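Chains X, P and H supply the protein sequences, listed in that same order.
With full-length UniProt numbering, letter number 42 in the first sequence gets 42, and the count goes up by one each step, no holes.
With full-length UniProt numbering, letter number 135 in the second sequence gets 135, and the count goes up by one each step, no holes.
With full-length UniProt numbering, letter number 145 in the third sequence gets 145, and the count goes up by one each step, no holes.
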Amino acid sequence: MALPPIVLILVFVGLPIVTALLYSLGHTGGLNSVTATIAQHQHVATSWWGTLDAYREVLTNARLQRDLALTVTVTVVSTVAVMLVAFGIALYQRLSDSRLAKALAVLAIVPMFIPVVIGSWAILLFYSGTGFVRTALAQIGVEGPVWAYTQTAIIIGSVWTSLPFAVLMISSGVQAVPDAVIEASRDAGASLARTVWSVILPMATVPVIIAATFTAIGVLGSFTVPYFTGPNAPTMLGVDINNYFSSFNQPQQSVVMAFVVFALASVIGAAYVWANFRTAAKAVR
Amino acid sequence: MGRVALRGLLAVAVITLCLFVFGPLLWLASQAFATSWTYPNLLPDGLTTRWWKVVLDDPALGAAVQNSLTFAPLTVLISALVCLPAAYAFARREFPGRRAMLIGLFATNAFPKMGLFATMASLFYALNLMQTVLGILIVHVIGTVVFMTWIPAAAFASVPRSLEEAARDAGAKPLRVFFTVTLPLALPGIAVAAIMSFLASFDEAQGTYLVGAPDYMTMPTQMYSLILNYPPQVAAVFSIMLSVPSVLLLLLVRKHVMGGHLAEGFQIR
Amino acid sequence: MTTQAARATDGLRITGLVKRFGDRTVVDDLDLTVHPGELVSLLGPSGCGKTTTLRMVAGFLAADGGSIEIEGKDVVGLPPERRPSAMVFQNYALWPHMTVFKNVAYPLRLRRLPKHEVTDRVEHVLGLVNLLHHRDSRPATISGGEQQRAALARALVQEPQLLLLDEPLSNLDAKLRVKVREDIRELQQRLGITTVLVTHDQDEALSMSDRIAVMNGGRIEQVSAPDELYTDPRTEFVAGFVGQLNSLPGRLVGGRLVPEEGLLTGVRPEDVRLIPVDEPGASAAGHAPQDRLRGRVVRVVPRGAFHELVVEVEDRTLHSLAVGQSLPVGQEVYVDLARPLLFRDGRRLQER
């Protein structure tokens, strides 16, 4: 029964990943032959296992190095920001029964229902030279910043699109902390901040880690947000992957970058798997 | 004093968040009715519905709307048929490689989509799937597999076994038990998975463009060319239209239904 | 021929039942016969195999050996839906998405009975358990006691040849428990349903059962009527599990304890009589003072109609029940032990 989706994934995701890996190592035959005949700047395998020339080219390219740095920076900053905001919302919702708190949690989920294309574009217009932020500030005589086509806009866009998932995950984790546990901590003389830090946060660790890993992996490989809101250069690797594939006609370099991103994502993913197994181990009776 | 300061801080935070989330959307939506807009005026130069006519009269855009509204429900349906039995198996049976498969699904989800499409194209050429509806549906469905497997698996797992046993005891065969007890009780979780899948499919642009363009354009793929080739007002109109189905979905689902099931689903057991 | 006929009269007959989980034997060569219309309890501490036995009878667990016959028909190998038994689950297992009526009607609908017959039978059973007014309620909206009755109705409506009750009262509060167990017992006797009840609560077993099977370590230690189980326990485990027991090493000889390897004397608290040493005529009764156990009251626990006295005798404590006048703490007493139960290596010796 478990087979159909696994087969589907193996054929249409697993197989392309494997051929992509072979191609990145310079194997141009088989399924890669169609792509390889029209590709430019290809590194063809010289030994039985292939060649690392394509990786060497990508990783030593100064421009791509800057893009890699930007990708990592945006990922780290966005993830931290998303976690802080999401945890704040979740906490407010947990500790306050007010209607405002509930409304806030719903509000934070709205971006999930807006297609990313629209979200990115809306953010671009909002923070552009003639956008709302500068217009509003101009009313009081302040020359506002232009964030459109900058790294800041990419971060804003990433936070905007990633917030709903993080809020949902962390909220449910924080909601699951029983009242009695919080009250017992307050009763023992702990301040609210102390209670949050030493009781609520540790009890919600797993959902927080899951939210953080999914946010980070999502931002790391993102294309739409940096494509619309970010600068032409430097840009994020997701955009480079697209450009090298469809504009520069260098699919091999594009695939190599995909593996670089995948390698980074795997490191983050390891945290996710670890967090899950920790709970699974605890759940075993 | 401290209390007042805290309340003030809270108010600022709430307003900032509202502005952060809704500001761009409202700003974009208001463009749809503006003749033009001169910086630094707070209000547009004039109001018009001209841009709506442009969009509604463009047959290509109409086709995109139709395509999107066809592909998304189809994707959800296919994904459910393919993934729900697997979700049940993951929840109720212990089989070799179970955990490896769950992690494998997660890993494939972590591979950047664009890098995947780069070599997927060759495969699609080889299988004659380029420029076909089936090809587009495959691209969409693989983007929903994680949701459709994980979230319903958690929902199935949370149905107490004793409820199923009670049905067996009452005389129901296993298949009957599934359809009268297990499935109805797991339905809220499955609904959440369906919504997530619908949104994922509705949002998919790169893969659809790669496989379907120019024959099969969907709303998001049209959006790319609209933004690049038309005045912003036209794209704004189209944005509003593109948001309608999703926002309707948002209004339909209750927030308390969403959170728990989603969170449950994203924990591998 | 005669054995066939005799078997056909048994409501439930379990022979040589075995269940292993890995290398652990949970149910070990178990035999049990329940007569038609009889209520037999499986009583024992958690982990003794009573629930495992019940689940094998219901068909949720496959037996590793032995046979299970319901009204003469072997059901081993049949899936639960094809066994003529109906079970009331510990947590009731009512389907939350169906009303009480639909929950109870479910087994009948499966049997494709005509609609009016389903309605008639469901309403009849709901009347029996006094739940007609909650016909259209969802399980989550009714009380624990009502859920319990709904679960019972769902089992009864199947008119099972065998009714299985898995700790049916454990989720009810103390007061309700007494009432519900009387209700269930009354209904079971009126309908004459062969019933197996699993419980760890001796009060429940004693008050509801025709016979009780005390289980320990996957085996049945004793099957007896409630009275007999208390007055005539066959093992030390049964004596200790059913009712309170003072355990003393050795044997009673002329009012004194004489140590003896492997021997153990058990005395019920009501058989421990305390006589204040300063009471007139205390020393005259029975044995000479030097032949009697002597102790001191160290604690008095009021238990409503009686008092429980804790007495220190030499280096051990004994429990005694006193009706009416209690004794003050610190009182020096002679301790007389009546009706001692003598055990050798855990097995009862039939001598007094």
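Built from N, CA and C at the ideal position, the CB exists for glycine as well.
Remember, predicted model here, so these are calculated numbers, not experimental data.
Open item on the list: Any C-beta of chain H within less than 9 Å: which residues of the segment 202–228 of chain P qualify?
Closed with: none
Open item on the list: To the nearest angstrom, how far is the alpha carbon of X:A204 from that of H:L110?
Closed with: 45 Å
- [ ] May I ask you to check if the CB of P:M219 is nearer than 7 Å to at least one heavy atom of the ligand PLP?
- [x] With respect to the ligand PLP, the structure shown offers nothing to examine, as it has no ligands at all.
Open item on the list: If we define contact as Cβ-Cβ less than 8 Å, is X:G50 a contact residue for chain P?
Closed with: no
Task: Pair within 8 Å by beta-carbon distance, residue 362 of chain H and H:L342 - done: Here chain H has residues from 1 to 352 only, and residue 362 of chain H is not among them.
Open item on the list: Against chain P, does X:P234 count as a neighbour if the rule is that its beta carbon must be under 8 Å from one of theirs?
Closed with: no
Task: chain P residues whose Cβ lies nearer than 8 Å to that of H:P80 - done: E165, R168 and D169
TODO: Buried or exposed for X:I89, please, with buried defined as at least 16 other CB atoms from any protein chain shown within 10 angstroms of its CB.
DONE: buried
- [ ] Please confirm if residue 359 of chain H has its CB atom under 8 Å from at least one CB of chain P.
- [x] Outside the displayed span of chain H (1 to 352) sits residue 359 of chain H, for which this structure offers no information.
Task: Sequence-distant residues of its chain with Cβ nearer than 7 Å to X:A271 (five each side left out) - done: I209 and T213
Open item on the list: Cutting at 6 Å between CB atoms, please list the residues of its own chain near P:M196, excluding the five before and the five after it.
Closed with: F147
- [ ] Report the option in H:L252, H:S41 and H:V313 whose CA atom is closest to the CA atom of H:R181.
- [x] H:S41
Open item on the list: Tell me the rounded alpha-carbon separation between X:A122 and P:L25.
Closed with: 6 Å
Open item on the list: Give me the residue from H:L349, H:N103, H:G346 and H:V311 with the minimum Cα distance to H:R135.
Closed with: H:N103
TODO: Can you give me the start and stop residues for the beta strand (DSSP E) that H:Q222 sits inside?
DONE: R219 to S224
- [ ] Step through the CB atoms of chain X and report whether any lies within less than 8 Å of the CB of P:K113.
- [x] yes
TODO: Mind listing the chain X neighbours of P:Y125? Cutoff is C-beta to C-beta under 7 Å, in chain order.
DONE: V34
TODO: Taking P:L185 as the query, report the chain H residues whose CB atoms sit under 9 Å from its CB, ordered along the chain.
DONE: W95, P96 and H97
- [ ] Would you please verify whether the beta carbon of H:R149 is less than 8 Å from any beta carbon of chain P?
- [x] no
Task: Straight-line Cα distance separating P:W27 from X:I154 - done: 18 Å
- [ ] Specify, as a first and last residue, the run of the beta strand (DSSP E) that H:T265 falls within.
- [x] L263 to V267
TODO: Output yes if chain X places a C-beta closer than 8 Å to the C-beta of P:V181; else output no.
DONE: no
Task: Members of the segment 123–134 of chain X near chain P, C-beta cut-off 9 Å - done: I123, L124, L125, F126, Y127, G129, T130, G131, F132, V133 and R134
TODO: In angstroms with no decimal places, state the Cα-to-Cα distance between X:A45 and X:R56.
DONE: 13 Å
Open item on the list: Less than 8 Å between CB atoms is the rule here; does H:A6 satisfy it with respect to chain P?
Closed with: Because H:A6 sits at a pLDDT of 47, beneath the cut-off of 50, its placement in the model cannot be relied upon, and the point is left open.
Task: Where H:H133 falls, given that 16 or more other Cβ within 10 Å makes a residue buried - done: exposed
TODO: Could you check how far apart the C-beta atoms of X:F245 and P:M114 are, in whole angstroms? I think they sit under 8 Å.
DONE: 7 Å
TODO: Compute the Euclidean distance between the alpha carbons of X:R63 and P:P96, then round it to the nearest angstrom.
DONE: 46 Å
- [ ] Return the CA-CA distance between H:T3 and H:T317, expressed in angstroms with no decimal places.
- [x] Confidence is the limiting factor: at H:T3 the pLDDT is only 44, short of 50, which leaves the residue's position unreliable and the question unanswerable from this model.
Open item on the list: So, with DSSP's three-state summary, where would you put X:M203?
Closed with: helix
Task: Extent of the continuous beta strand (DSSP E) run through H:D31 - done: R24 to V34
- [ ] List the residues that DSSP assigns as beta-bridge partners of H:K73.
- [x] H:I70
Task: Backbone CA spacing between P:F170 and P:L199 [nearest angstrom] - done: First, the residue type needs correcting, since residue 170 of chain P is Ala and not Phe in the sequence shown. P:A170 and P:L199: Cα-Cα distance of roughly 40 Å.
- [ ] Compare the C-alpha of P:A205 against each of P:N128, P:F117 and P:R176 and name the closest.
- [x] P:F117
- [ ] In the DSSP assignment, find the beta strand (DSSP E) that holds H:Y334 and state where it starts and stops.
- [x] E332 to L337
TODO: With 8 Å as the C-beta to C-beta threshold (strictly closer), list the residues of the segment 185–206 of chain X near chain P in chain order.
DONE: V206
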